[in-house]
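Worksheet: the structure to be examined is printed underneath.
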Amino acid sequence: RARETGDIILEQIPHALEEGHTITRTDILVEGSPIEAIPRIRFKPDQYEFEDGPRIEAAFRRFFHRAHFEQTTPSHEVIVCHANVIRYFVCRATQNPPEGWLRMSLANGSITEVVIEPNGQVYVMGVGDKGHLPADMITFN
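Now the structure itself:
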């Protein structure tokens with residue numbers, strides 16, 4: 144579903160390709176169980192946390208970082224992935240315990256905005272915003 148959503152978004156901003164922006168598709172962002180949640184909610188065997196966790200952490204380190212010191216203009220990245228991954232990213236980006244990732248609920252197709260300033264300051268501008276979706280299209284599974 145995330146790839147389908149990404150394709151729909153790209154259809155709405157075709158100029159992104161014309162302006163030389165990079166479109167990357169990667170399996171590093173696929174759904175998974177990033178780390179044991181506290182409070183413990185078991186929906187997958189522990190082995191998935193050992194398999195998915197390092198991959199999802201690697202994705203966080205790949206996509207969430209300060210701008211290069213020579214960068215002089217803002218950059219914007221759109222990351223389309225599943226809710227478990229987004230929740231984990233929000234916890235990590237805000238330096239909150241990542242074990243709290245299941246304490247947030249995100250609707251399918253919702254928007255989360257994280258700003259990383261050149262000096263490393265992190266701001267979460269919104270988590271799970273779904274105001275762009277008609278009420279009858281809001282789902283959580």
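Residues are numbered in my numbering as their position in the sequence shown, beginning at 1, plus a constant of 143. Every residue gets a Cβ at the ideal spot worked out from N, C-alpha and C, and that includes glycine.
Could you give the first and the last residue of the continuous alpha helix (DSSP H) run that contains residue i?
i, result
"Glu154", "145-155"
"Ala159", "158-161"
According to DSSP, what are the bridge partners of residue i?
i, result
"Ala179", "The sequence as given places Glu at residue 179; Ala does not occur at that position. According to DSSP, which records beta bridges pairwise, Glu179 is partnered with nothing at all."
"Asp279", "Per DSSP, none; premise fails for Asp279."
"Val267", "Val257"
Counting C-beta neighbours from all protein chains within 10 Å, is the total for residue i 16 or more, i.e. buried, or is it exposed?
i, result
"Ile156", "exposed"
"Arg209", "exposed"
"Phe232", "buried"
"Ala201", "exposed"
"Val257", "buried"
"Pro197", "exposed"
"Pro182", "exposed"
"Ala180", "buried"
"Leu160", "exposed"
"Pro277", "exposed"
"Ile178", "buried"
"Pro217", "exposed"
In terms of residues, what are the limits of the beta strand (DSSP E) holding residue i?
i, result
"Glu174", "Per DSSP, Glu174 belongs to no beta strand (DSSP E) and is neither H nor E."
"Glu256", "254-259"
- Continuous alpha helix (DSSP H) assignments of at least 4 residues falling wholly in the region 182-241: 189-206, 226-236
- Query: Should the region 225-238 be regarded as contacting the region 172-179, the criterion being three or more beta carbon pairs within less than 8 Å?
  - Reply: yes
- So, do the region 251-258 and the region 271-283 have three or more beta carbon pairs nearer to each other than 8 Å? yes
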